[in-house]
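**Q** Yeah, the sequence shown ends on 176 if you go by the numbering used here, and it's all consecutive. After the structure tokens below, expect a handful of questions from me.
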Amino acid sequence: MCASAPGDGPPAGEPRPDLEFQRVSLEDGVSHNLIYAIHQDRTGFLWFGTMYGLVRYDGRQYVAYRHDPDDPASLSTDDIVCIAEDAAGHLWVGTFGGGVNRLDPATGQVRRFLPAGPDSSRLSDGVVWDLACAPDGTVWVGTRGGLDRIDPTSGRVTRFAADPDDPRSAPAGPV
Numbered sequence: 002m003c004a005s006a007p008g009d010g011p012p013a014g015e016p017r018p019d020l021e022f023q024r025v026s027l028e029d030g031v032s033h034n035l036i037y038a039i040h041q042d043r044t045g046f047l048w049f050g051t052m053y054g055l056v057r058y059d060g061r062q063y064v065a066y067r068h069d070p071d072d073p074a075s076l077s078t079d080d081i082v083c084i085a086e087d088a089a090g091h092l093w094v095g096t097f098g099g100g101v102n103r104l105d106p107a108t109g110q111v112r113r114f115l116p117a118g119p120d121s122s123r124l125s126d127g128v129v130w131d132l133a134c135a136p137d138g139t140v141w142v143g144t145r146g147g148l149d150r151i152d153p154t155s156g157r158v159t160r161f162a163a164d165p166d167d168p169r170s171a172p173a174g175p176v
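Written out as structure tokens, the structure reads:
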């Protein structure tokens with residue numbers, strides 16, 4: 002999406018001669034050339050969600066955050082689909098198959114919010130399409146299985162299931 006304000010340069014969609022692009026590659030430290038998500042955090046770091054993990058760029062070097070099957074404090078999976086940042090500076094990372102991960106960039110610690118099992122307090126699905134952090138700290142999660150809400154303080158997940166008898170209920174299926 003492109004937007005432009007009056008007097009702010011060329012109209013949206015037209016080339017800007019003052020922009021330069023620099024290609025980065027696997028040799029530069031990006032874990033994969035297929036990037037699903039980009040986020041710039043409050044401190045200026047760029048974060049890239051790729052098929053092979055989360056990558057932080059500080060303007061000089063890349064640092065990769067990957068899934069480690071022997072470390073429950075690592076990302077739940079490497080296939081990163083979306084990234085959001087809450088008011089406390091935590092990154093919320095949505096994955097394809099591994100639910101949601103909350104990363105504290107200061108410590109590198111990860112907390113996982115996993116998909117449904119027998120416990121209904123888990124995410125409705127592990128495929129996360131989008132995340133939104135509300136001003137009150139609540140994190141809204143759009144999954145392949147529906148809409149969920151995470152309370153980051155308690156860790157409680159609330160599912161908003163479709164009810165065919167209630168036209169005001171959440172939609173059925175992917176959100």
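Glycine residues also receive a C-beta, built at the ideal position from the N, C-alpha and C atoms. In this text, all values refer to a predicted model and were calculated from it rather than measured experimentally.
Taking only three categories from DSSP, how would you classify Q41?
**A** Of the three classes helix, strand and coil, the one that applies to Q41 here is strand, per DSSP.
**Q** Give the secondary structure of N215 by DSSP, where H, G and I count as helix, E and B as strand, and everything else as coil.
**A** The structure shown does not extend to residue 215, since the chain is modelled only from 2 to 176, so the question has no answer here.
**Q** Can you give me the C-alpha to C-alpha distance between P175 and G143, rounded to a whole angstrom?
**A** Looking at the two C-alpha atoms, the distance is approximately 7 Å.
**Q** Could you check where the beta strand (DSSP E) with A65 kicks off and where it finishes?
**A** Where A65 is concerned, the enclosing beta strand (DSSP E) stretches over 63 to 66.
**Q** What residue range is occupied by the uninterrupted beta strand (DSSP E) comprising D131?
**A** Its beta strand (DSSP E) spans residues 129 to 134.
**Q** With a floor of 3 residues, list each beta strand (DSSP E) that falls wholly inside the stretch 73 to 115, ordered by position along the chain.
**A** Runs of the beta strand (DSSP E) inside the stretch 73 to 115: 81 to 86, 92 to 96, 101 to 104, 111 to 114.
**Q** Below 7 Å CB to CB, which residues in the same chain sit around D69 once its five sequence neighbours on both sides are set aside?
**A** The residues are S75.
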